[in-house]
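K.L.:
Below is a structure I'd like to ask you about.
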Ligand code: PHE
């Protein structure tokens, strides 16, 4: 065994690894120089037949050469890996702004419903709900709306194909049917609000939409306990809180079959404070909905004895309030699904 041969193998091996142009030839070199059948392995196996002195002399040299070649093989592997990378495609422009991570948010109508629910919950109200697909009975009959009332007309109401059912179905035109539904299963005293979606079969413009929201309120107690004064005060409290400024309420006589007396419910203009501006058509007042003392016939439809209870109800349009609060000029924007609009809120 010659020491020179071992250095030759080592030198040749180092060169072969450093010159390997791809992984295939590198690994071929590795097998040839370090594999079981390689000259070096042969020499290693032969060490055991040497005399102790020779072992001491050759052993470290052979082992050292093997370790050096293994390192050269590993270094070549690393080099080829780096050379093989497509740096151009991996280029990162660290000056680019971070990726946007868009997060959805609530629709302004939903936000407003929650705000309203918060205020009324603090005032001790419960929140009730009813179906959007309603029967003609709850939407009209139980509310004392006569059979020939124009509101039932196909012009105003979306009737739903109801063949085979013993009642006619429709898309509720207001949240008032929930009054009767709620009273059927509850006994006064109670106070509730009913936010919900309603539908009207009408042509649309900047202030009319076929699909919109109302929030109904119903407060009922023993006769004598609940008066018009209460609901005027409640309205003032709610709207002042809602708009964050003092709001006056004005009631004008009006007619709805399910209340007696009935009122149009106006609030002092929240933009001009009642002085008169374009938003309130210079009147100083904004109409927000209908209201009144619950008709005894409605109590009867719910199964209450006539004369035992007294209460008030109102139904306010929600979009109107959203539009005033957020300064939105056209009601149709709210249901448009136009993200350019929605993203502003
Ligand atoms: N339901 C009526 C409407 O939609 C509003 C209303 C509710 C009036 C309650 C009086 C009492 O126009």
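In this note's numbering, the protein residues as written are 41 to 385.
We treat Cβ as the ideally placed atom computed from N, Cα and C, and that holds for glycine.
Look up residue 154 in the DSSP assignment and say whether it is helix, strand or coil.
P.N.:
In the three-state reduction of the DSSP assignment, residue 154 falls in the helix class, which pools H, G and I.
K.L.:
Is any non-hydrogen atom of the ligand PHE found closer than 7 Å to the C-beta of residue 236, if you look at the structure I gave you?
P.N.:
Because no heavy atom of the ligand PHE lies under 7 Å away, the Cβ of residue 236 does not count as near it: no.
K.L.:
Mapping DSSP to helix, strand and coil, what is residue 52?
P.N.:
helix
K.L.:
Exposed or buried, what is residue 364 when buried is set at 16 or more other beta-carbons lying within 10 Å of its beta-carbon?
P.N.:
buried
K.L.:
Which two residues bound the contiguous alpha helix (DSSP H) that contains residue 264?
P.N.:
Note, residue 264: premise wrong, no alpha helix (DSSP H); not H, not E.
K.L.:
Measuring alpha carbon to alpha carbon, tell me which residue in 330, 309, 260 and 329 is nearest residue 320.
P.N.:
309
K.L.:
Terminal residues of the continuous alpha helix (DSSP H) containing residue 243?
P.N.:
Unbroken run through residue 243: none, as it is neither H nor E.
K.L.:
Can you tell me where the alpha helix (DSSP H) holding residue 112 begins and where it ends?
P.N.:
92-123
K.L.:
Note down, in chain order, each residue of its chain lying with its Cβ closer than 6 Å to the Cβ of residue 330, except the 5 sequence neighbours on either side.
P.N.:
296 and 355
K.L.:
Under 8 Å between the Cβ atoms of residue 370 and residue 246?
P.N.:
yes
K.L.:
At what residue ranges does the region 140-199 contain a whole run of the alpha helix (DSSP H), taking only runs of 4 or more?
P.N.:
Complete alpha helix (DSSP H) runs here, min 4: 148-162 and 176-179.
K.L.:
For residue 386, which residues of its own chain have a beta-carbon under 6 Å away from its beta-carbon, when the five flanking residues on both sides are left out?
P.N.:
Any answer about residue 386 is impossible in this case: the structure gives the chain only from 41 up to 385.
K.L.:
With a threshold of 7 Å (Cβ to nearest heavy atom), would residue 13 be considered close to the ligand PHE?
P.N.:
Given a span of 41 to 385 for the chain in the structure shown, any question on residue 13 remains unanswerable.
K.L.:
Spatial neighbours of residue 351 within its chain, please: C-beta separation below 6 Å, excluding the five flanking residues on both sides.
P.N.:
259, 260, 266 and 334
K.L.:
Grouping DSSP H, G and I as helix and E and B as strand, with all else coil, what is residue 251?
P.N.:
strand
K.L.:
Buried or exposed: where does residue 57 fall if 16 or more other Cβ atoms within 10 Å of its Cβ makes it buried?
P.N.:
buried
K.L.:
Taking its Cβ as the centre, do 16 or more other Cβ atoms sit within 10 Å of residue 49, making it buried, or is it exposed?
P.N.:
buried
K.L.:
How do the region 59-68 and the region 107-117 stand: do at least 3 beta-carbon pairs fall below 8 Å, yes or no?
P.N.:
yes
K.L.:
Compute the Euclidean distance between the alpha carbons of residue 306 and residue 287, then round it to the nearest angstrom.
P.N.:
10 Å
K.L.:
Going by DSSP, which residues form a beta bridge with residue 325?
P.N.:
DSSP lists 308 as partners of residue 325.
K.L.:
Return yes when the C-beta of residue 185 is under 7 Å from any heavy atom of the ligand PHE, and no when it is not.
P.N.:
no
K.L.:
For residue 217, report the span of its alpha helix (DSSP H) as first-last.
P.N.:
217-225
K.L.:
Among residues of its own chain, excluding the 5 on either side of residue 199, which ones have a beta-carbon nearer than 7 Å to its beta-carbon?
P.N.:
Result list for residue 199: 208 and 210, in chain order.
K.L.:
Looking only at its own chain, which residues have a Cβ that is under 8 Å from the Cβ of residue 195, when we skip the five neighbours before and after it?
P.N.:
241 and 242
K.L.:
In whole angstroms, give me the CA-to-CA distance for residue 257 and residue 177.
P.N.:
Residue 257 and residue 177: Cα-Cα distance of roughly 20 Å.
K.L.:
Determine the DSSP secondary structure at residue 336, reduced to helix, strand or coil.
P.N.:
Note: residue 336 maps to helix in three-state DSSP.
K.L.:
At the level of alpha carbons, what is the spacing between residue 70 and residue 60?
P.N.:
Straight-line Cα distance between these residues: approximately 10 Å.
K.L.:
In or out: residue 145 buried (at least 16 other Cβ within 10 Å) or exposed?
P.N.:
exposed
K.L.:
Using the beta-carbon count (16 or more within 10 Å), is residue 216 buried or exposed?
P.N.:
Its Cβ being crowded by 16 or more others within 10 Å, residue 216 is buried.
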